[in-house]
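Numbering (this note's numbering), first residue to last: 17 to 424. Beta carbons are placed, not taken as given, at the ideal position from N, Cα and C, and that holds for glycine. Small disclaimer: the values here were computed from a predicted structure and weren't measured.
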């Protein structure tokens with residue numbers, strides 16, 4: 017691993033030509049067994065230094081050590097690394113008869129440029145790096161330079177993988193077009209959850225809360241909009257409020273805190289602005305008032321409509337709008353009205369009915385009676401403006417390869 021500090025294009029040039037390409041050519045010759053062993057060594061190192069890294073992550077971001085915080089993230093990074101270490105993409109025989117033999121081989125795509133976000137910095141870095149292989153870190157002393165833009169346009173980089181906002185994803189895509197780079201883009205989500213009238217509100221309250229508030233809502237696949245049938249609307253609002261008000265919020269270093277502050281000022285300001293606008297035309301069930309520093313309490317807001325900014329935009333923070341519906345067809349239409357299509361969920365005791373509704377949601381992942389639970393053996397990616405391509409599993413690993421068909 018090397019660390020570069022320079023201007024944007026110079027840094028990328030140095031990293032690409034002096035190290036990345038040479039590493040690619042060397043590692044291309046290594047056997048699968050040696051590649052697996054290298055990934056397993058990374059897994060072991062993460063485990064060995066997990067507590068140290070968790071403490072650093074909390075110091076940097078303020079996210080709690082406990083719950084679904086820093087220790088959870090390091091555990092996830094280790095789990096993803098371990099699973100990826102065991103993946104392989106063997107040759108496939110497409111034909112073997114008197115007319116000849118055809119083999120499908122997958123070859124590494126080449127040098128990959130990775131841009132990772134701030135919300136899950138360790139875990140998402142592992143998602144990007146382990147399939148790609150060797151890593152060089154490129155930074156700059158000058159905050160004005162655009163390292164990501166330089167990578168996107170660099171002719172020596174064959175693929176870009178980016179997790180972040182749709183707006184930035186479009187810039188990466190535009191830059192990558194100059195050199196016909198392969199792309200994996202996991203972009204913004206405005207995930208909708210649909211609660212059917214047969215639910216027990218108390219039973220689903222915990223799942224609803226963590227579906228929306230994992231990592232303080234700062235997760236692409238967190239639930240950002242909750243549609244609840246009128247028959248159970250007040251019950252769900254009450255049960256969710258009762259659960260949320262007992263979730264401890266505090267400094268990340270406090271072992272009793274389950275939620276911490278918002279990660280940065282920009283995101284805090286966005287959440288506050290959306291909540292302030294929503295309060296003028298809705299019913300605040302919980303929270304709604306900014307705390308000291310970057311603390312913003314878990315906020316539940318009822319009685320909003322589709323055109324309210326807190327519903328229409330991705331808030332990416334600890335605020336959840338709850339919208340009443342009477343016709344499930346209308347709820348499905350509202351859920352699909354977003355330009356995003358990352359995830360969605362359906363909540364019901366009738367699993368078959370829930371599956372039927374789930375299949376109609378325009379999103380890459382859909383959950384029933386839970387939301388946002390991703391795992392390394394299941395592909396994950398979005399549709400519409402939430403990006404394209406997938407991560408995780410054999411399907412995700414294949415995105416880092418080119419197909420070569422051999423006719424014999």
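Straight-line Cα distance separating residue j from residue i
i: residue 19; j: residue 109; result: Low per-residue confidence applies at residue 19: pLDDT is 48, beneath 50, and the placement is therefore not dependable, though the value from the model is reported in the following sentence. Distance between the alpha carbons of residue 19 and residue 109: 42 Å.
i: residue 472; j: residue 173; result: The question about residue 472 has no answer here: the residues shown for the chain are numbered 17 through 424.
i: residue 408; j: residue 93; result: 12 Å
i: residue 237; j: residue 223; result: 14 Å
i: residue 383; j: residue 345; result: 18 Å
i: residue 193; j: residue 390; result: 30 Å
i: residue 326; j: residue 123; result: 45 Å
i: residue 132; j: residue 142; result: 10 Å
i: residue 95; j: residue 134; result: 20 Å
i: residue 333; j: residue 90; result: 21 Å
i: residue 54; j: residue 40; result: 14 Å
i: residue 406; j: residue 98; result: 19 Å
i: residue 215; j: residue 51; result: 48 Å
i: residue 144; j: residue 183; result: 20 Å
i: residue 17; j: residue 396; result: Reliability fails at residue 17, whose pLDDT of 44 lies under 50, so the model's placement of it is uncertain and no value is given.
i: residue 417; j: residue 320; result: 45 Å
i: residue 67; j: residue 100; result: 22 Å
i: residue 300; j: residue 289; result: 15 Å
i: residue 202; j: residue 412; result: 12 Å
i: residue 266; j: residue 218; result: 26 Å
i: residue 49; j: residue 179; result: 29 Å
i: residue 251; j: residue 170; result: 55 Å
i: residue 76; j: residue 69; result: 10 Å
i: residue 113; j: residue 423; result: 12 Å
i: residue 87; j: residue 404; result: 30 Å
i: residue 366; j: residue 103; result: 36 Å
i: residue 400; j: residue 186; result: 12 Å
i: residue 116; j: residue 421; result: 13 Å
i: residue 44; j: residue 138; result: 26 Å
i: residue 368; j: residue 57; result: 43 Å
i: residue 295; j: residue 315; result: 11 Å
i: residue 153; j: residue 313; result: 35 Å
i: residue 198; j: residue 111; result: 28 Å
i: residue 394; j: residue 350; result: 27 Å
i: residue 213; j: residue 242; result: 13 Å
Short Cβ contact (8 Å threshold) for residue i with residue j
i: residue 363; j: residue 211; result: yes
i: residue 352; j: residue 329; result: no
i: residue 244; j: residue 118; result: no
i: residue 398; j: residue 357; result: yes
i: residue 361; j: residue 386; result: yes
i: residue 208; j: residue 255; result: no
i: residue 120; j: residue 419; result: yes
i: residue 260; j: residue 225; result: yes
i: residue 309; j: residue 291; result: no
i: residue 181; j: residue 204; result: yes
i: residue 331; j: residue 287; result: yes
i: residue 410; j: residue 146; result: no
i: residue 268; j: residue 78; result: yes
i: residue 335; j: residue 317; result: yes
i: residue 136; j: residue 280; result: no
Nearest-angstrom Cβ-Cβ length linking residue i and residue j, presumed shorter than 8 Å
i: residue 355; j: residue 200; result: Not confirmed; about 19 Å, so no contact.
i: residue 188; j: residue 196; result: 14 Å between Cβ atoms; not a contact.
i: residue 282; j: residue 388; result: Actually they are not in contact, since the Cβ atoms of residue 282 and residue 388 sit about 23 Å apart, beyond 8 Å.
i: residue 302; j: residue 235; result: Going by Cβ atoms, the distance from residue 302 to residue 235 rounds to 20 Å, so no, they are not a contact pair.
i: residue 324; j: residue 297; result: 7 Å
i: residue 359; j: residue 380; result: 7 Å
i: residue 129; j: residue 167; result: 4 Å
Beta-ladder partner(s) of residue i, from DSSP
i: residue 124; result: 417
i: residue 292; result: Beta-bridge pairing links residue 292 to no other residue.
i: residue 396; result: 407
i: residue 201; result: 178, 404
i: residue 269; result: Beta-bridge pairing links residue 269 to no other residue.
i: residue 335; result: 315
i: residue 61; result: Residue 61 is not bridged to any residue.
i: residue 211; result: 244, 363
i: residue 111; result: 118
i: residue 340; result: 244
i: residue 275; result: 265
i: residue 300; result: 317
Are the stretch 264-276 and the stretch 82-96 touching by the rule of at least three beta carbon pairs closer than 8 Å?
By the criterion of at least three beta-carbon pairs nearer than 8 Å, the stretch 264-276 is in contact with the stretch 82-96.
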